[in-house]
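A.B. asks: Residue numbers 6 to 313, in the numbering used here, belong to the letters of the sequence shown in order.
No residue lacks a Cβ here, since even glycine has one placed at the ideal position from N, Cα and C.
In this text, all values refer to a predicted model and were calculated from it rather than measured experimentally.
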Amino acid sequence: MTNDYLELRHLKYFVTVADELHFGRAAERLGISQPPLSQQIHALETRLGAKLFERKGRGIVLSGAGSALLPRARAILTQTERAAESVARSQRGELGELHLGLMSSGPFTVVVPRVLARFRERLPDVRLLIHEMATVQQIEALEQGLIDVGVIRPEALPHGIKAMELFKDSLTVVMHASNPLAAKEGPVDIAELANEDFIFYQRHLGIRLYDEVIALCTRAGFSPRILYEVRELPTIIGLISGGFGVAVLPGSVQRMMVENVVYRPVKNMEAATAVWAIYRDDAHDPMVHAFLDIAQCLVSKALKAERK
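Written out as structure tokens, the structure reads:
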């Protein structure tokens, strides 16, 4: 055997001839003429230092060396095809990992779980890695390349980060069942909360939402009396369930059913907060664009359904 490397085309030619056991039919399958095929097989035999086919009557059969090579040649060609397909699928965004930042209230919205489900349905071989992060943390992680896409509440974005609005989420008052306001049907006027103790997210975790609630209270003629500022949504709901204060949160949290916790919409129709998908302006990853396309498609369908 010479020191020359085997070429994949030589193995492909060999396997085709082995399948047909006829140079003419093999050449026809390969789309080449018979003389070049015979030359390539001869070149392969020269490199291997062994005859791969033997004459038998008017046809050919595999030699002992050819029989030994055939299963290995098939395996090499199969692996090569799979490797090429993996690269192609990766380029199309059908294979790999997508790191998604998700705020704590994200799973309680209607749209976000649907986007995640559709993404997994369309791209089952993409591993979706979810990172639970507050809005500000997601923006930083996106800048640092730690996540590929984020789902956040509106916030000031640095240069190079873009946002796509997914939907508007109305605000809701969250209170203990023993609160007199819980006995009333219908929306609650923010002014009715003037004497309540409030539980807020820590401001640095969601500046825009924090300031929106403060602004609502200010327009209603009072400054909210903040009892606690916490980091996580379950902590807010848990404290209210235990009888501590009220909160004004995105309406999607109403899907979190907890004992002794009552939800009432905010009376002010303008009291709403959006949900954004954020991504890097220079993102070229096809998986990112696939996620955004799915989100945009579902959002468009949801808007059409609302208008009917």
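Figure out for me which residue from Asp194, Ala282 and Leu26 has the closest Cα to the Cα of Val120.
C.D. replies: Ala282
A.B. asks: Counting C-beta neighbours from all protein chains within 10 Å, is the total for Asp174 16 or more, i.e. buried, or is it exposed?
C.D. replies: buried
A.B. asks: How is the alpha helix (DSSP H) around Lys17 delimited, first residue to last?
C.D. replies: Where Lys17 is concerned, the enclosing alpha helix (DSSP H) stretches over Leu13 to Glu25.
A.B. asks: Measuring straight from C-alpha to C-alpha, what distance separates His294 and Thr278?
C.D. replies: 25 Å
A.B. asks: Report the three-state DSSP secondary structure of Pro112 (helix, strand or coil).
C.D. replies: helix
A.B. asks: Please work out which residues of its chain come closer than 6 Å, Cβ to Cβ, to Val116, disregarding the five sequence neighbours upstream and downstream, and give them in chain order.
C.D. replies: Leu171 and Phe172
A.B. asks: Given that a residue counts as buried once 16 or more other Cβ atoms are within 10 Å of its Cβ, and exposed if not, what is Ser85?
C.D. replies: With the sequence shown as reference, residue 85 is identified as Thr, and Ser is not the correct amino acid for it. It is exposed - the Cβ of Thr85 has fewer than 16 other Cβ atoms within 10 Å.
A.B. asks: Beta-carbon separation of Gln142 and Gly191 under 9 Å?
C.D. replies: no
A.B. asks: Please check the pair Ser257 and Ser109, which I expect to be a contact at CB under 8 Å, by giving their CB distance rounded to whole angstroms.
C.D. replies: About 11 Å separates the two Cβ atoms, so there is no contact after all.
A.B. asks: Would you check if the distance between the CB atom of Thr177 and the CB atom of Gln259 is smaller than 9 Å?
C.D. replies: yes
A.B. asks: Would you call the stretch 203-212 and the stretch 235-242 touching, i.e. three or more CB-CB distances under 8 Å?
C.D. replies: yes
A.B. asks: Closer than 8 Å is the cut-off here; do at least three beta carbon pairs connect the stretch 65-84 with the stretch 217-230?
C.D. replies: no
A.B. asks: What are the start and end residues of the alpha helix (DSSP H) that includes Val218?
C.D. replies: Ile212 to Arg224
A.B. asks: Quick one: is Lys306 buried, meaning 16 or more other Cβ sit within 10 Å of its Cβ, or exposed?
C.D. replies: exposed
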